Structure formats: structure tokens, C-alpha cells
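Undergrad:
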Amino acid sequence: MSAVLKPRSRVVVCDANEAAAWGVALSRVDMVAVYPITPQSSLVEFLAKFIVDGTLSAELVDVEGEHSVMSVLQGAALAGARTYTATSGPGLAFMFEPYLRAPGLRLPLVMSIVTRDTLTPQCVWGGHQDAMSVREVGWIQIYCESAQEVLDTVIMAYRIAEHPEVMLPVNVCHDGNYLSFAVSRVELPAQDAVDAFLGDKDVNWHAALDPDRPMAVDPLTGGSGGAGPRTFTRYRQGHCNGMQRALEVISEVHEDWEKHVGRRFAPLVEAYRMDGAEHALVTIGSMTGAAKDAIDEARARGEKVGLVKVKTYRPFPGATVIGALDGVKAIGVVDRSVSFGWNCGPVYQDVMTSLALARSAVPALSFIGGLAGADLTIGHFHRAIGEVAAVARGKAEPGRTLWLNEAD
Amino acid sequence: MYELRIHGRGGQGAVLAAGILATALIEEGRFAVAIPQFGFERRGAPVAAYLRFDEREIRQLTNIYHPDCVLCIDPTVARAVNIFDGMKDAGMLVQTSAKALGELNVAPQVATVGLCDAVSLALQIFKRPITNTVMLGAFSRATGLVSLDALKRAIQDSNFRDAGLAQNMEALERGHAGTTVHHIERKAAA
Numbered sequence: 003m004s005a006v007l008k009p010r011s012r013v014v015v016c017d018a019n020e021a022a023a024w025g026v027a028l029s030r031v032d033m034v035a036v037y038p039i040t041p042q043s044s045l046v047e048f049l050a051k052f053i054v055d056g057t058l059s060a061e062l063v064d065v066e067g068e069h070s071v072m073s074v075l076q077g078a079a080l081a082g083a084r085t086y087t088a089t090s091g092p093g094l095a096f097m098f099e100p101y102l103r104a105p106g107l108r109l110p111l112v113m114s115i116v117t118r119d120t121l122t123p124q125c126v127w128g129g130h131q132d133a134m135s136v137r138e139v140g141w142i143q144i145y146c147e148s149a150q151e152v153l154d155t156v157i158m159a160y161r162i163a164e165h166p167e168v169m170l171p172v173n174v175c176h177d178g179n180y181l182s183f184a185v186s187r188v189e190l191p192a193q194d195a196v197d198a199f200l201g202d203k204d205v206n207w208h209a210a211l212d213p214d215r216p217m218a219v220d221p222l223t224g225g226s227g228g229a230g231p232r233t234f235t236r237y238r239q240g241h242c243n244g245m246q247r248a249l250e251v252i253s254e255v256h257e258d259w260e261k262h263v264g265r266r267f268a269p270l271v272e273a274y275r276m277d278g279a280e281h282a283l284v285t286i287g288s289m290t291g292a293a294k295d296a297i298d299e300a301r302a303r304g305e306k307v308g309l310v311k312v313k314t315y316r317p318f319p320g321a322t323v324i325g326a327l328d329g330v331k332a333i334g335v336v337d338r339s340v341s342f343g344w345n346c347g348p349v350y351q352d353v354m355t356s357l358a359l360a361r362s363a364v365p366a367l368s369f370i371g372g373l374a375g376a377d378l379t380i381g382h383f384h385r386a387i388g389e390v391a392a393v394a395r396g397k398a399e400p401g402r403t404l405w406l407n408e409a410d
Numbered sequence: 048m049y050e051l052r053i054h055g056r057g058g059q060g061a062v063l064a065a066g067i068l069a070t071a072l073i074e075e076g077r078f079a080v081a082i083p084q085f086g087f088e089r090r091g092a093p094v095a096a097y098l099r100f101d102e103r104e105i106r107q108l109t110n111i112y113h114p115d116c117v118l119c120i121d122p123t124v125a126r127a128v129n130i131f132d133g134m135k136d137a138g139m140l141v142q143t144s145a146k147a148l149g150e151l152n153v154a155p156q157v158a159t160v161g162l163c164d165a166v167s168l169a170l171q172i173f174k175r176p177i178t179n180t181v182m183l184g185a186f187s188r189a190t191g192l193v194s195l196d197a198l199k200r201a202i203q204d205s206n207f208r209d210a211g212l213a214q215n216m217e218a219l220e221r222g223h224a225g226t227t228v229h230h231i232e233r234k235a236a237a
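Below, the structure written as C-alpha cells:
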């Protein structure tokens, strides 16, 4: 589904896959490598169409699999190109080996993960398990709530990735099915505003493959002798420092986006109706819309409840999350994936770690829902709010994991 | 907020119809979100699509369980799925059928029925039973919630080209013109 309302406005009615493709086109990328996979396929098909119809002047490499996608893009980025790809679930798994190398090479790649639950049981539908399974490999991870946020964030991702004190690849995640295929109103920023926002293209100045400036890329390091240990360790330290610096850069980039385009999104964490909140939900991704509606209904009946949405997930903005939750008596974290090792959701695990670091002992619950395309409705969030309220009143035990779609 | 559920079969364009309707509603100044049902997308299998619209921003990205209106673009899918499941009282049914209203199985919560023989119209126009744009015309006629002009512009702005565009514009107009609207009088419960 695609329709441009012309010539009245630059408003597009489209799904988040097409919105992401518009973001890529407006970012004037040089190289796109693709392999289609559900629920990402229409995104790369839109990119191919944009290249054919002249909307985007880029080279598209239609490779034989995701491992080659990532390898092609690494070569392109090392040569100074602005690059893009998108994948989902099994495609991400097949990409894993070169995917691991990208952040260590400090390549400013931007890649959408159109999130999909992982096999098995067999499923082709949305869930965060694919993206969550790569949360600790050194890519920046950002999760979007709406198609508009997807478009805007893909563009912002290039500023974040290419920032000289970050130089790391960015995954812009949008929920398979609920965002990838939901059609809504999306405003296209003017090309000149995006050009001014992104500035002169200067991608990967630090490692461009340049015959006039020969250099070794990714030499053997590590081990226990010579300069190996310190070289490897300092690469890792630099990588970690870049991740931490990204927290500030992501905030700065969102502020600058608002100046150029007039739209503001909370860069790290959004606090929604947290004034005077006695308990709160923490959400991530497209579930947040229905959760906000549930919060409004609960507030309307006098319940002091708010919501904190995590947008930037890696690096995890722990201090900002804890600051947003300040003063609550109980927290419920809703995840669209699981942490198998901890029998809870991964965002819950991060919130609990952040609470511990802040020497806070707020009781909390882990909710898991929306797996493999399952719907998370306003009703599911009312149940979660009720469970958290019971913990806040001391009427229920914290520390439990509750599955929201068990009976659906 | 108005909630619409579209029922059809794979290949008839139920999901595309929801997108075109969302485009028309947004073009008329409303907020709209269309979401397909996620299931097995085989040709001929029952499919559904959901559409919400409102005067204010719609945040929830979820399926629809209690529709105000059911738009059924296939004459037999109601044998395979309960198209009235969860429907609100005093609801609207827009149905493709060659039958008279009295021969149809209509759930008690339905107050208004729009009837259109979309399969016959589609066979005349497309030589195939693709009923989605015919039934968008029927929806416009039966509900008055979206103008025929806005739907025409949405189809023009979509990916239809040349002969396909002309056929779909004709389908929209003939669906609109060929729809009868019936109000069902039901005795109040004693």
C-alpha cells in the first residue's frame, strides 16, 4: 500500500516499511545491499522502486543472502559510502558473523531490524526476540513507536552513527507486522531540511580505503604477548566509550532534528503522565500506543499511574530511566521478548540492574506479551496496571514474570 | 473513534482496500490507521483487515475486536468465519451478495445493511471476482463516512496504472451506485 497525496502536501499514507525507505532516500545513501525476508520485504522493494524511479540515486546490490549483505556494506563503508540495509529474524541470524565485525570496525552503518520473533516454533510474525538476541554485540539499538518516528529516526541514525565521537553502527528497530504493515499518516520532511540537518557527507573518514592513504584494516591483535593485549583492550575500551558518548549524541541529534524539522521525539526515554505517578509501566516499541491509551483511561478513573517508554535501548540509558521512574512505589516492565537465562523480559532485566545501581529497591514485575505477532491491546495493559497497582499496595509479590497472551 | 473490520479472501484485496480507505479518510482530514490481520496469506483463505479512524491521533496499533461496521467483500466467507464476532450493537454490515436481504443471515446487533452484488460487477469490469474497490464504493454509499471523491483521489494516488486505474475507478462508481441500504426494525426486548 502506497499513496502520495499530491500536490496538496508532502504527506504520505504508508506503512513503516515504506516510511523507513523514505528516510533512507532522504538521507541520500550511496549503497544499499538487500535480501528480502518477511516482514521486511516491502521495505527493500520500496528502495528498489525508489532507485528505479530516480527518487534515490544509489547503487543497490541484490545479493544471495544476508551474510553477503553485511559484507558488501562493510566494504562500501570502508570506501566512504553511506550505506543502508534492513533485515528480520532468520536474516539477522544468517548475517551474524559479519554483523559482529561491523561495530569493532567502527563502521557507521544504519540497518533497520523489522523485528520478528525467532524460531522455533515456526513463526513469521513480529516480536523483539531477533533484535534482543543481538543486544550485546556492540551496535546501537533504537526502537520506534510509530511510522513517523521510524522515518525520522532512520535519518537521525546517520547523524548518530557518523558522529566522530561515536562511529558505530545503528539498528533502527520497528515492530514487524504492527508497524511494518500498519498504514497511517506520515509527513515527509523537505529534502533541503534533511540536507541541512545531515550536513556535508563525511562518512567513515577514519578508515576509508584510499589508495593515497594505504592502511591495514583489522589486523590480528590480542593474545598475551607483544602489543596484542593492549591493542585489543584499547579497541574494546574505545568501543565502550563510543557507546556511552552516544547517549549524549542521540539527545543532541534529536534536539537538532526538532530545530530543522519541527518534530520532537524523546531521544532516550519518554516519560508519559508521570507527574505524581505512584506506579508505572515501562514499554518499548509499538505496544506503547495502546499502553498510553490504557494509562489515560486509568488516570481518568483517578489512578495515579504513568508510563516510561524506552526508545534508546543500547546503550541503555539507565540513569534516565531511573530518573523518569523517580518516586513510584511499583514498576511493571512489558517486554515483547524473553531473557531465557533470567526467566523474565530483557528490558525488565535492564531496569532491575539500573535500580540496583541507583541503590533503589522499588518492587517490580516482568510482563511478557506480543510474542510472534500476538496482539497487545488496551485490555492487556489494564491487566498489567492492575497487577502493578497490587504490588504498589503491598497486596501482591513483586519479582514475578507474567505472560500476557497465555489465554489468547 | 470508528472501527471497521473488513472480511474477504486472499487475493480479493481486503488489505489494499483498508489502505485506500485510510488514504481517503486522511485526505479528508481525519486520522486513520489500517492494519492487516496476520495469518496465512493463501489465495482464497479467509483474511481480515482492520481500520480505525477518528478526529484525533490514533495511538493504539492493535487488531479490532468490537467493530462498528463489518465490510464483507466476499459472498461466502461468512460460512468460514463469524464475521459478526464482537460487533457493537446498532452496527452496520456492508455485504457483497446477489441475494435479497431476507435470504441473508444477519446477526441481531446489525441495524443497517448495505447490499451490493459486487461479484457480478467485478466480473463485468475485471473479468475476475476482485471486489475490493467495488465494495469501497458500497461502503461510501452505505455509511456516508467517506466521500466518493476522496476515494477516487486515493485510488488515483495509489499504484494503479492505465487500464487498471480506469477499471478501479469504474468499480468504485458502480459499487456506489449499485448499493441498496436497508434499516432493520427490531422489536425491543420485552
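In order, the protein sequence lines correspond to chains A and B.
In the working numbering, each number is its position in the first sequence, counted from 1, plus 2.
In the working numbering, each number is its position in the second sequence, counted from 1, plus 47.
In this text, a Cβ means the ideal position worked out from N, Cα and C, and glycines have one as well.
Quick caveat: nothing in here was measured; it's all calculated off a predicted structure.
#1: Within 10 angstroms of the Cβ of Q2(A), are there 16 or more other Cβ atoms? Answer buried if so, exposed if not.
#2: M72(A) to G347(A), Cα distance in whole Å?
#3: Taking the alpha carbon of I53(B) as the point to measure from, which residue in D121(B), R89(B), R208(B) has its own alpha carbon closest?
#4: Applying a beta-carbon distance threshold of less than 9 Å, which residues of chain A neighbour L110(B)?
#5: Can you tell me whether P155(B) is buried or exposed? The criterion is at least 16 other CB atoms within 10 Å of its CB, across all chains shown.
#6: Apply the 10 Å Cβ neighbour rule to F85(B) and answer buried if 16 or more other Cβ atoms are within range, or exposed otherwise.
#7: Which term fits M217(A), buried or exposed, when burial requires 16 or more other beta carbons within 10 angstroms of its beta carbon?
#8: Measuring alpha carbon to alpha carbon, tell me which of M113(A), A35(A), T223(A) ends up nearest A60(A).
#9: For L248(A) and A273(A), what's the separation of their Cα atoms in angstroms?
#10: Hey, would you say K331(A) sits closer than 8 Å to V284(A), going by beta carbons?
#11: List, from N- to C-terminal side, the beta strand (DSSP E) runs of 3 residues or more that fit wholly inside the stretch 134-215 of chain A.
#12: Using a Cβ-Cβ cutoff of 8 Å, what residues of the stretch 73-88 of chain B are near chain A? List them in chain order.
#13: Ends of the beta strand (DSSP E) at K306(A)?
#14: How would you call P9(A), buried or exposed, if buried means at least 16 neighbouring beta carbons within 10 angstroms?
#15: Mind checking whether L108(B) and S288(A) have CB atoms under 8 Å apart?
#16: Quick test of your reading: A366(A) and V335(A), contact by CB under 8 Å. State the CB separation rounded to the nearest angstrom.
#17: Would you list the one or two residues that DSSP bridges to A282(A)?
#18: Using a C-beta to C-beta distance shorter than 9 Å, which residues of chain B count as neighbours of A292(A)?
#19: Measure the C-alpha to C-alpha separation of G106(A) and D220(A) and round it to an integer number of angstroms.
#20: Look at the alpha carbon of V136(A) and the alpha carbon of A88(A), and state the distance between them as a whole number of angstroms.
#21: Give a yes or no on whether the minimum CB-CB distance between N179(A) and chain E is below 8 Å.
#22: In chain B, which residues lie less than 9 Å from S114(A) when you measure between Cβ atoms?
#23: Any Cβ of chain A within less than 8 Å of the Cβ of I231(B)?
#24: When burial is assigned at 16 or more other CB atoms within 10 Å of the CB, is L28(A) buried or exposed?
#25: What is the rounded straight-line gap between the Cα of G227(A) and the Cα of R236(A)?
#26: Closest Cβ-Cβ distance between S288(A) and chain B: below 8 Å?
#27: Taking 7 Å as the line, does the beta carbon of L198(B) fall inside it for any heavy atom of the ligand MG?
#28: Which value, in whole angstroms, describes the spacing of the CA atoms of H382(A) and I333(A)?
#29: Need the endpoints of the alpha helix (DSSP H) that W259(A) sits in, please.
#30: When you compare the CB of T178(B) with every CB in chain A, is at least one pair closer than 8 Å?
#31: Assign R316(A) to one of two classes, buried (16 or more other C-beta atoms within 10 Å of its C-beta) or exposed (fewer than that).
#32: For H69(A), list the residues DSSP reports as bridge partners.
#33: Can a CB atom of chain B be found closer than 8 Å to the CB of W405(A)?
#34: Does the pairing of the stretch 112-120 of chain A with the stretch 48-58 of chain A give three or more beta-carbon distances under 8 Å?
#35: Here's the rule: buried if 16 or more other CB atoms are within 10 angstroms of the residue's CB, otherwise exposed. What is T155(A)?
#36: Looking only at its chain, what residues have a beta carbon closer than 8 Å to the beta carbon of G133(B), apart from the 5 residues adjacent to it on each side?
TA: So, from the listed chains and residues:
#1: Only positions 3 to 410 of chain A appear in this structure, which leaves residue 2(A) out of reach.
#2: 28 Å
#3: D121(B)
#4: The sequence given here places Asn at residue 110(B); Leu does not occur at that position. Within 9 Å Cβ-Cβ: D377, T379.
#5: exposed
#6: buried
#7: exposed
#8: A35(A)
#9: A small fix is needed here, since residue 248(A) is Ala in this sequence, not Leu. Looking at the two C-alpha atoms, the distance is approximately 20 Å.
#10: no
#11: 142-145, 172-177, 186-189
#12: Listed in sequence order: I73, E74, F78, A79, V80, A81, I82, P83, F85.
#13: Going by DSSP, K306(A) is part of no beta strand (DSSP E) at all; its letter is neither H nor E.
#14: The predicted position of P9(A) is uncertain, since its pLDDT is 37 and thus under 50; a value taken from the coordinates is nonetheless stated next. Classification for P9(A): exposed.
#15: Yes. Within cutoff.
#16: Between A366(A) and V335(A) a beta carbon distance of about 6 Å is seen, short of the 8 Å cut, so the two are scored as contacting.
#17: G308(A), I333(A)
#18: R106, Q107, L108, T109
#19: 9 Å
#20: 15 Å
#21: No chain E appears in the structure shown, which is made up of the protein chains A and B.
#22: By Cβ distance, chain B contributes nothing, its closest Cβ being about 17 Å from S114(A), past 9 Å.
#23: no
#24: With 16 or more other Cβ atoms within 10 Å, it is buried.
#25: 15 Å
#26: yes
#27: Absence of the ligand MG is noted for the structure shown, with no ligands found whatsoever.
#28: 16 Å
#29: That run of the alpha helix (DSSP H) goes 230-263.
#30: It does not: the Cβ of T178(B) has no partner Cβ on chain A nearer than 8 Å.
#31: buried
#32: Answer by DSSP bridge pairing: none, since H69(A) is not bridged.
#33: For W405(A), the nearest beta carbon of chain B is not closer than 8 Å to its own beta carbon.
#34: Because the criterion of three Cβ pairs below 8 Å is not met, the stretch 112-120 of chain A and the stretch 48-58 of chain A do not touch.
#35: buried
#36: Y112, H113, P114
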